[in-house]
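Here the structure comes first, spelled out in structure tokens, and everything after it is commentary.
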Amino acid sequence: MECTKIITYGCSIGPEVTCSTTKIFMNCTIQKPEVKRRIRLTNNSKVAATFMFNIDEKCKPFQIDAKYGIINPYSRKYITITFTSTREGRYTYYLVALILYQEPIIIELYGSCSALSFKTDSDAITYPLKSKGGFKGYMRDGTDTLGDIPPISLSKHYFNLGQTDVDVENLIQTIPHSICLTNHNHSNLLITWEKDTDEIFNITPSEMLVCAHQSALFELTFNPNTKSNLYGRKIICSVLLEHKKHSTFPFVASVTMIGHSFPVISNGWIPQYEIPQTVIMPPCMPSYPVYTTFLIKRFGHLPLMFQFVSPSASHFLVKPMLGVIYQDYEIIVVEMTPKPQDEQIYIERWTVYFNGNMKNEYYIDFKGYAENANVVFDNNNVLSFPPVMLGCQQFLQLAMRNVTRHTIKYQFYQLPPELNIQYISGEIDANDTLHQECSFSPDEPNIDYDFEVQCILNIVKKGVPIGSKYSIILYVRGSSKIGSLKATPNELYFKELEYNNTKTLHFDLINSSLVDIYYKLICTHRNWPFGNIEEDVKLHPASETIFSGSHKRITVSITPHTAVYYEFAIRYLIRVNFRSDALIARQKPVWICNVYCMCILPTLKVQNICAFGYNQHCTIHISKQFLWKRLHVNRLNKILENILPKERKSINIDLFPMFQCNKGVILIEWIMINPSSFPITLALKRIKNCSCKPVIKTFGYLLQHTETDCIHTNLCTVNMRSKILRPKEETVIGMKIHYTLIGKTAICWELDIGHDRYVMLNVVINCLAESQSQDNFLSTASVNFGRTYFGNKGIMYRVNWIYNITNNDLPYSIDINNICKVNKDYHYEVFSCLTQCGVIKTGTAIPLLLKFQPRMFGRYKVIVPITMGDKTEELTMEGESTFDFRLASYARTIPSYCACKTSLFPAYFSIDCIDVWFLPMHNVIVRMLLVYNNLDFDALAYEWICQDIPEILYIDIFPRKGILHPKAVQSFRIKIYTKGYPCRIDVHIPCIFFNASKRRIYQRSIIKHAILSQELAGQFTITEKGTYVPKPWIKILNKPDVYYKTLSLRCSVCTVEDESTKVSLLNELKASPANVIYFDDSKKCNVIDEKELCIVKFILEGLLWDIVNSKRFKKTVDSLIPNRNLYYTQFMMDISERKRLIRRSYISPPLTFIDSLLEQMLFSIIHDEFSLKTTHLIPNEDIRHRNYLKMLPKQKRTDLENELEEDRHDGSNDEDNNDVDYQYLRTGFRVSFV
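For what it's worth, UniProt numbering labels the leading residue of the sequence shown as 1, then goes sequentially.
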């Protein structure tokens, strides 16, 4: 069974009434016998205050306008005091304001009446009040033992004159009462009693001279004037010095008398009242009085007479003891004077009689308790601290309970330096427990401590200590120990975490020692200080207490704001105590755990670009390698990789100039990929930087809206497919370029990649007028030769193109003055240019052969002005020499695959950028290209524009033209022939596409329109207005768009002298035999690995064996024999031709012939392996062959089936031959290509 202790704490509030003054002097004259003064009673508390004044309504000469009342909280009440006197004299009255639950307020009233007005002197008061207010001053005339002897004393202050009849006979029989007055002064006193104006209560003699230290008796009589009534009166006694009776104010005392005139046989009227049953006194000390108040409430319209009757021996005193209540209530003051003994309980039962009838009695209990100061500490006055580490603080709650009803003030003395008490001195409320913290901080290790602390107690009343002091002893014990912490696990791996995201791991911090440890965790870098671990790493709880033999789970939360690898250690320090972060002085952090985390800032990367041209006359600007440089893709990728949050980077894209007559469109696709492991949000918007103003457009009669009529809007439009890019996911940013506005136009697009990172794409579109010169004609304005091996024997050239897009042939020239200066400085021909001048035909380009051949280590740079027509552009050439040929750099990687597989482009390539590095001179290399028709229902006609660069390169594509069926794919053979100049060159081969189906419909519309126009020309009508010829209703359709797509080629041709250092064995085996024979007597560098040579040899032997021993090889050899082109198997060979063929077979064929055989065999094998169609590869030489081609796709290739059947009958054990798939017509052998 559980027990819960509930401690309640409360504070009682009562009225707090103050008076504007406590002493008033009022002067009047015979001519003006009335004077008024006003006092202000203010209640400064939250509760209402009930008050009354102890003045008799028949009292002369002082009266007030309100004897009873209530003052609301935080309000005030004004009381008017009237002083009236018809004869000369001085008067004194102590007006007491009784307030329920508050000490009375005594107001001294002094009045004087004279024939002439004079100023009252305060020294005229003979006996001023020593107790200005409060309960003590109010109860001064009713206390048995007084500290100060007054001038006079009365034997009794309250008289119940009992029942008296109104008849004259009974008046004679009434027994009078007497009162004794004693003069305690050394002077004679003049005693004057106030006269009752109604003559009901009389004191005789009314005036008497009492000698010093003498007493006098006075007689009290009660003469009621009305039957069956209650009477009460307070009569004032004025005391004056005999020799100063005309110059001083008297000292006053009062006597209260009650009586009634009910018949003896009558019980009087029934009293209606309310009085508390029990009155509990406030706490008190022995021998020190205590006071309280309570109310007697009257109900009805009849007065209520009361009288308190005390026990024979009493410690309580009540004032007033009797009286008549004419208003609603009477405030009674109770005083208790305890004995000197401690812890005494006082309970008395008093009797209250109402209306003078003994039957109307009521009992009221007065209860009080007197005790001295006493405080009890918990745990039998022993404060025992747990073990604590050296230099740390251990806290304990010290409970000090005040077991009395007093407010106690305490103070500790002579505290040791190791002990600290939160409040050395203070006060404790009655029956309250003060909990305060005590701290113990040892200064030596492994020591036990024992102290005795003395506490002094005092009782406080209204902030003032009273009574005697008492002392108690507090025993304090403690000890110091040593402890340590360890973590499990001691390594945390967060792996990858996204920037500004939070991840949480935890470890357990174990305290196996015998002492509580107040730790504070900190993070420190283990290696380079990458990342702000103070802001990015949160430890919870980072500052806590681990109790002895327990553990605590520590949460490590990382929110990285730097894209780096976080590697830091968690260490702990010892704090002074569990609530403060103050650390122990001169300590070293202790390692507990290592943390590793990789922050990933998600970003974008331009994976690929693809371009397509519609109705373009120049195709350079849609070449991939050209766009890769113009769009600054490498720089953009570097910006996207390194951009930090709250950064804004910009990149300027200066497109190649075009003429305004070019009404076509350039479509550029940016294939963006998210290379990181976390998703990234994207947003794209255009930044308006033009001065176009908004205009108001009206639709209908009332609809209006404002829009910006900007002519720059459609020049460069950008759209994005995805807004959120998941890890490793790709998206496409499409860009449409229109050359419709003459001049240079800058279009700005803002790419938001999240985390407050922005990349500004400033696209500059240069549109030329027909008569305007071309100022940008170089393919690139900077040629970087990269790192070049300075030991190259041969010369390596670099090709840069000059484009003439104008309608005129233009001359060009190169200023080589700067080149000559550089060569002169190095005493060697470092830079040179072979083509220095010439004429460029309209719509063409010529190559510039630039040479860089260093013979010293270092970096080289030269700026060459180039002039075409009347415009000059500068070309920057730079390079660097290196001592190791393996460190030579040639070109940056550009993706080779085509990314134009979209509905916007009618066709796309398998690859649109071919890289051929280190190709020998006078050689040939073959590549294969697949072109896909992306249209669903229309056929595409295509035509390749092959490139022949004199003395450098020749590129041939077969077939050059043809038809590509809907959703079909065709293969193309690309042959690259190198010539006599070793160089690095970038070439683009354009391919023109147009919709063959729409072209056919367009041509038909022209023919139909011409025929119809010819027919309608003879159907004219002659009228008065002239001859009318009807117009043809058949319209000529719009000419289909022409599409352009380029195939980029990046090629490097090396010299024969340096072939051994640049061409690997694998590339050398792929190359065809050279057309020239070169003899080199110099020592060659062996770059061939023996293991690689064995592997290549094995592959070649197996490949040649499979090729030579196949039936297909024999038939291919027969088809390559000159002077015969067999299309049908029924053509037979005569005997003479067979003999001539046999003789030729004994002659060893040349290497080029073998190369052509192998090349065609591989070409055919690839088509068979991947089930590619070959009908488009057969030349159109015969009409019968053309018909045969139309029939071929619908017929079954029986010749291949027969061949496979023959291979199977030859007894081959190949598993592939035993499982032939006739549906796809696969050959009997299988070759895999990488």
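The beta-carbon is built from N, C-alpha and C at its ideal position, and this holds for glycine as well.
Opposite residue i in the DSSP bridges: which residues?
| i | result |
| --- | --- |
| C59 | For C59, which the question treats as bridged, DSSP gives no partner whatsoever. |
| Q394 | F440 |
| E951 | The partner list for E951 (beta bridge, DSSP) is empty, contrary to what the question assumes. |
| K736 | L667 and T717 |
| S580 | BP columns for S580 are empty, so no partner. |
| V334 | T292 and V318 |
| Q411 | S425 and I456 |
| T1055 | The partner list for T1055 (beta bridge, DSSP) is empty, contrary to what the question assumes. |
| L492 | V595 |
| C435 | The identity of residue 435 in the sequence shown is His, whereas the question assumes Cys. H435 is bridged to A399. |
| N933 | A907 |
| E1101 | E1101 pairs with nothing; no bridge assigned. |
Run through DSSP, which three-state label would residue i get?
| i | result |
| --- | --- |
| T1061 | helix |
| C610 | strand |
| W712 | Residue 712 is actually His in this sequence, not Trp. If DSSP states are grouped into helix, strand and coil, H712 belongs with coil. |
| C237 | strand |
| Q454 | strand |
| C11 | coil |
| P536 | Before going further, note that residue 536 is Asp rather than Pro in the sequence given. D536: helix per DSSP, three-state reduction. |
| G134 | helix |
| K5 | coil |
| W528 | coil |
| T22 | coil |
| T404 | coil |
| C1094 | helix |
| G838 | strand |
| K552 | strand |
| L181 | strand |
Report, in whole angstroms, the separation of the C-beta atoms of residue i and residue j, which I expect to be a contact under 8 Å.
| i | j | result |
| --- | --- | --- |
| I673 | Q607 | 4 Å |
| T82 | Q102 | Incorrect: roughly 26 Å between the Cβ atoms, too far for contact. |
| I554 | F507 | 6 Å |
| V382 | L415 | No, V382 and L415 are not in contact; Cβ-Cβ is about 16 Å, not under 8 Å. |
| E348 | F316 | 6 Å |
| N594 | R526 | 7 Å |
| H184 | I235 | Their Cβ separation, rounded to whole angstroms, is 21 Å, which puts H184 and I235 out of contact at 8 Å. |
| L539 | L521 | 5 Å |
| L682 | S722 | 7 Å |
| T842 | N804 | 6 Å |
| L929 | I911 | 7 Å |
*Does the stretch 312-326 come close enough to the stretch 248-263 to have 3 or more Cβ pairs within less than 8 Å?*
yes
*Counting only runs of 4+ residues fully inside the stretch 241-268, write out the alpha helix (DSSP H) ranges in chain order.*
none
_At least three beta-carbon pairs within less than 8 Å, the stretch 866-881 to the stretch 640-656_ = no
*asked:* Could you check whether the stretch 890-908 touches the stretch 928-938, counting it as contact only if at least three pairs of C-beta atoms, one from each stretch, sit closer than 8 Å?
replied: yes
_Secondary structure, alpha helix (DSSP H): runs of 4+ residues fully inside the stretch 962-1037_ = 996-1017
*Quick check: the stretch 1055-1068 against the stretch 777-794, are there 3 or more CB pairs under 8 Å?*
yes
*Would you be able to state if there are at least three C-beta pairs under 8 Å between the stretch 1016-1027 and the stretch 1036-1045?*
no
_Complete runs of the alpha helix (DSSP H) confined to the stretch 757-832 [at least 4 residues]_ = With a minimum length of 4 residues, the continuous alpha helix (DSSP H) runs that stay inside the stretch 757-832 are 817-826.
_Any 3 or more C-beta pairs closer than 8 Å across the stretch 974-990 and the stretch 941-958_ = yes
*Can you check the UniProt domain "CFAP65 fourth Ig-like" (34-113) for any beta strand (DSSP E) of at least 3 residues that lies completely inside it and give the ranges in chain order?*
34-43, 49-53, 62-64, 68-71, 75-84 and 89-99
*Entirely within the stretch 267-319 and at least 3 residues each: give me those beta strand (DSSP E) ranges in chain order.*
278-280, 290-298, 304-309 and 316-319
*Using 8 Å as the threshold, is the stretch 332-350 in touch with the stretch 365-377, meaning 3 or more CB pairs across them?*
yes
*Three-pair Cβ contact test at 8 Å for the stretch 774-789 versus the stretch 819-828*: no
*asked:* Would the stretch 46-54 count as touching the stretch 67-81 if we require 3 or more Cβ pairs under 8 Å?
replied: yes
*If you scan the stretch 344-396 from start to end, which runs of the alpha helix (DSSP H) of 4 or more residues do you find wholly inside it?*
378-381
*Counting Cβ pairs closer than 8 Å, one from the stretch 400-411 and one from the stretch 457-466, do we hit at least three?*
yes
*Between the stretch 186-203 and the stretch 265-277, do three or more beta carbon pairs fall short of 8 Å?*
no
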